[in-house]
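S.K.: One structure, pasted below without further comment.
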Amino acid sequence: MLPVVALVGRPNVGKSTLFNRLTRTRDALVADFPGLTRDRKYGHANYDGYQFIVIDTAGVHGDEEGIDAEMASQSLRAIDEADVVLFMVDARDGITSADLGIAKHLRSIGKKAYVVANKIDGIDAEAAQADFYELGLGQIYGIAAAHGRGVEQLLGKCFDPLLDDYPELMVRGASTEEGDAEDAESQDLEHDEIDYDALPLKLAIVGRPNVGKSTLTNRILGEERVVVYDMPGTTRDSIYIPMERDGREYILIDTAGVRRRGRIDETVEKFSVIKTLQAIDDANVVICVVDARETISDQDLNLIGFALNAGRSIVIAVNKWDGLANDHREEIKRELDRRLGFVDFARLHFISALHGSGVGNLFESVLEAYASATQRVNTSKLTRILEMAIDEHQPPLVRGRRVKLKYAHAGGYNPPRVIVHGNQVTDLPGSYQRYLINYFRKSLGIMGTPIKVEFRESE
Ligand code: GDP
Ligand code: GDP
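Those letters in the sequence shown? Residues 1 to 459, per the UniProt record's numbering, in order.
Rendered as structure tokens:
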């Protein structure tokens, strides 16, 4: 599980700026769920060696009189979902009544909140910050979100107390280039010793509300085996169900709350973005379910994008394929081809969770994706593939000199990372980089999992 950080504060204090900075390294990840969450925006942050989920409440309208209704519905939800709240204020404006209203609420709920005075660039930070002690929330952390100043110190403060509870918070080997190489090597060794086939495969089923996740989960488990038990859980908790199929162990991560069905007084919302994002983070393979009867939406694409950027293997299940006319099916397929071009390496399955058709085949792709993500490849094989790629298609000339690519080695697994060493690699055009990525993908037979190719300058 990753910790969840909520950014709250009145408009224009710089929440979006900080959100973008925190999620920038993987910005395609920003999971914006319009309609579902209204103005809450969720992202996977990977910053300064920490990874966590961040919620931005960009649309919150502070109000001169205090927290207005919109604030109540959005910020309060975000605060509720978070482990840590970053309460942002504008160091240049000084304290406002809206700030006081938010502070009062934060003090009353007793959740860990840090006051972050933004925009301290070019002003007397000390003096500006002093103003905000009046909020009654302790120390003030000055930052300039636009420039990154103070952000590392702030995160260190927030996360130190969480390290015991959230070991995944620290990114392994996120540090220096040298550290990276060493880390890759030790990861290499570790990887060679792991018997991935013997480990239970963690499989998450995710998708928008009503696409058929519960129906699919039930189908997979076999109806008779679903015991509805009354498990208290929060919106954030998925249910982990061990299961076996064809002699292989799985842990099904149920985001749909099948097992909680039957509780009429269920107050937690069935669909929760945080729950979905946590499940993706925790899974080896993600089945992204979309509804054939609805046009594919930005929410669907964001979920898939989030899974890919988190480095997860994915299989796409187009559900409710039963009872559709042939020409309608053709039309749906064309639309999917058009919109899912960015994940053309993921298997697409047309299924009916209701009737069970196609569900068995899903598992073949799940296993294929997992095998792709965890396969062992050595330096000599990768270098050979690199040489073949160069033979077929020379790197371009840059300022009269040819970019020279020398050798490749594995930089990690889950998702597979290939490190290519050479000269002038920073000049390698994007088109050639994409050519190499595809070449590695095809040569290694990698399906269903994102592959990363990184370039390093050799001495
Ligand atoms: P939000 O409404 O709280 O999400 O605020 P935004 O992130 O949209 O920022 C509001 C304005 O403040 C924008 O014009 C930003 O460029 C500006 N801003 C954000 N961070 C900084 C900062 O660190 N320094 C300065 N000088 N301006 C900033
Ligand atoms: P969830 O919110 O994603 O868990 O979706 P549910 O599993 O609760 O399904 C939502 C609705 O779609 C229910 O009425 C299901 O009966 C229906 N449904 C689910 N799968 C299928 C399917 O394969 N075909 C058809 N026709 N309906 C389905």
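For glycine and all other residues, C-beta sits at the position ideal for the given N, C-alpha and C.
Does the beta-carbon of V398 have 16 or more other beta-carbons within 10 angstroms, so that it is buried, or is it exposed?
M.R.: Position 398 of the sequence shown holds residue 398. The residue in question, V398, is exposed, as its Cβ has fewer than 16 Cβ neighbours within 10 Å.
S.K.: With a floor of 4 residues, list each alpha helix (DSSP H) that falls wholly inside the stretch 279–327, ordered by position along the chain.
M.R.: 298–309, all fully within the stretch 279–327.
S.K.: Tell me which same chain residues have a C-beta within less than 8 Å of the C-beta of G212, skipping the five on either side of it?
M.R.: To locate residue 212, count along the sequence shown from 1; it is residue 212. So the list reads V289, D291, N319, K320, A353, L354, once near-sequence residues are dropped.
S.K.: With N423 and K442 assumed to form a contact (beta carbons below 8 Å), what rounded beta-carbon distance in angstroms separates them?
M.R.: As a first step, residue 423 must be located in the sequence shown, where it is residue number 423. As a first step, residue 442 must be located in the sequence shown, where it is residue number 442. In fact, because the Cβ distance is near 26 Å, the residues do not count as touching under 8 Å.
S.K.: Hey, could you find the ends of the alpha helix (DSSP H) Y166 is sitting in?
M.R.: For this step, residue 166 is matched to residue 166 along the sequence shown. From DSSP, Y166 is part of no alpha helix (DSSP H); its letter is neither H nor E.
S.K.: Could you tell me how far apart the beta carbons of I251 and S238 are, in whole angstroms, since I believe they sit closer than 8 Å?
M.R.: On the sequence shown, position 251 is the one that residue 251 refers to. On the sequence shown, position 238 is the one that residue 238 refers to. Actually they do not touch by this definition, with Cβ atoms about 10 Å apart.
S.K.: By how many angstroms is the C-alpha of K111 removed from the C-alpha of V285?
M.R.: Residue 285 sits at position 285 when you count from the first residue of the sequence shown. Residue 111 sits at position 111 when you count from the first residue of the sequence shown. Between V285 and K111, the C-alpha separation is close to 33 Å.
S.K.: Here's a check: name, in chain order, each residue in its chain whose Cβ is nearer than 7 Å to the Cβ of V30, leaving out the five neighbours to either side.
M.R.: The residue labelled residue 30 in the question sits at position 30 within the sequence shown. The predicted model places V30 with a pLDDT of 42, which falls under 50 and marks its position as unreliable, so this point remains unresolved.
S.K.: Looking at the unbroken alpha helix (DSSP H) that takes in L199, where does it start and where does it end?
M.R.: Counted from its first residue, the sequence shown places residue 199 at position 199. No alpha helix (DSSP H) contains L199, which DSSP labels as neither H nor E.
S.K.: So within the stretch 330–374, which uninterrupted alpha helix (DSSP H) runs reach at least 4 residues, ignoring any that extend past its ends?
M.R.: DSSP runs (the alpha helix (DSSP H)) wholly in the stretch 330–374: 359–374.
S.K.: Taking the beta strand (DSSP E) that M88 belongs to, which residues open and close that run?
M.R.: On the sequence shown, position 88 is the one that residue 88 refers to. Here the beta strand (DSSP E) through M88 covers 84–90.
S.K.: Please report the distance separating the alpha-carbon of L436 from that of V151.
M.R.: Mapped onto the sequence shown, residue 436 falls at position 436. Mapped onto the sequence shown, residue 151 falls at position 151. Distance between the alpha carbons of L436 and V151 is about 36 Å.
S.K.: Residue range of the alpha helix (DSSP H) that G101 falls in?
M.R.: As a first step, residue 101 is located in the sequence shown; it is residue number 101 there, counting from the start. G101 -> alpha helix (DSSP H) spans 97–109.
S.K.: If K202 and A78 are in contact, beta carbons under 8 Å, what's the gap, nearest whole angstrom?
M.R.: On the sequence shown, position 202 is the one that residue 202 refers to. On the sequence shown, position 78 is the one that residue 78 refers to. K202 to A78, Cβ: 27 Å. No contact.
S.K.: If we ignore side chains and look at the alpha-carbon of each, how far apart do Q433 and V425 end up?
M.R.: Position 433 of the sequence shown, counting from 1, holds the residue named residue 433. Position 425 of the sequence shown, counting from 1, holds the residue named residue 425. Cα to Cα, Q433 sits roughly 10 Å from V425.
S.K.: Report yes if the C-beta distance between A317 and I280 is below 8 Å; otherwise report no.
M.R.: Within the sequence shown, the letter at position 317 stands for residue 317. Within the sequence shown, the letter at position 280 stands for residue 280. For A317 and I280, no; Cβs fall outside 8 Å.
S.K.: Terminal residues of the continuous beta strand (DSSP E) containing E459?
M.R.: As a first step, residue 459 must be located in the sequence shown, where it is residue number 459. Unbroken run through E459: none, as it is neither H nor E.
S.K.: What is the rounded straight-line gap between the Cα of H393 and the Cα of E387?
M.R.: Taking the first residue of the sequence shown as position 1, residue 393 is located at position 393. Taking the first residue of the sequence shown as position 1, residue 387 is located at position 387. Near 10 Å, if we compare the C-alpha coordinates of E387 and H393.
S.K.: Could you tell me the alpha carbon to alpha carbon distance between M231 and A256, rounded to whole angstroms?
M.R.: Here the question's residue 231 lines up with position 231 in the sequence shown. Here the question's residue 256 lines up with position 256 in the sequence shown. Low local confidence applies: a pLDDT of 48 at M231 is under 50, so the model's placement there is unreliable, and no value is given.
S.K.: Given 7 Å as the limit, tell me if H147 has its C-beta closer than that to any heavy atom belonging to ligand 1.
M.R.: Indexing the sequence shown from 1 puts residue 147 at position 147. It does: the Cβ of H147 is within 7 Å (strictly closer) of some heavy atom of ligand 1.
S.K.: Confirm the yes/no value for this check: CB of G360, any heavy atom of ligand 2, distance under 7 Å.
M.R.: On the sequence shown, residue 360 is found 360 positions in, with the first residue counted as 1. Not so, every heavy atom of ligand 2 lies at least 7 Å from the Cβ.
S.K.: Going by DSSP, what residues sit across from N46 in a beta bridge?
M.R.: Here residue 46 corresponds to residue number 46 of the sequence shown, with the count starting at 1. According to DSSP, which records beta bridges pairwise, N46 is partnered with Q51.
S.K.: Which residues bound the alpha helix (DSSP H) around N218?
M.R.: As a working mapping, residue 218 is identified with position 218 in the sequence shown. Unbroken alpha helix (DSSP H) run through N218: 213–221.
S.K.: Give me the Cα-Cα distance between D56 and D246, rounded to the nearest whole angstrom.
M.R.: What you label residue 56 is simply residue 56 of the sequence shown in a count that begins at 1. What you label residue 246 is simply residue 246 of the sequence shown in a count that begins at 1. Computed Cα separation, rounded: 43 Å.
S.K.: Mapping the DSSP letters down to three states, classify V228 as helix, strand or coil.
M.R.: Numbered from its first residue, the sequence shown carries residue 228 at position 228. Low confidence applies here, because V228 scores a pLDDT of 43, under 50, leaving its location unreliable and the question unanswered by this model.
S.K.: Ligand 1 and S75: does any heavy atom of the ligand fall closer than 7 Å to the residue's C-beta?
M.R.: Along the sequence shown, one-based indexing puts residue 75 at 75. No, the Cβ of S75 stays beyond 7 Å of every heavy atom of ligand 1.
S.K.: Which class does I390 belong to by DSSP, given the choice of helix, strand or coil?
M.R.: Numbered from its first residue, the sequence shown carries residue 390 at position 390. I390 falls in the helix class under three-state DSSP.
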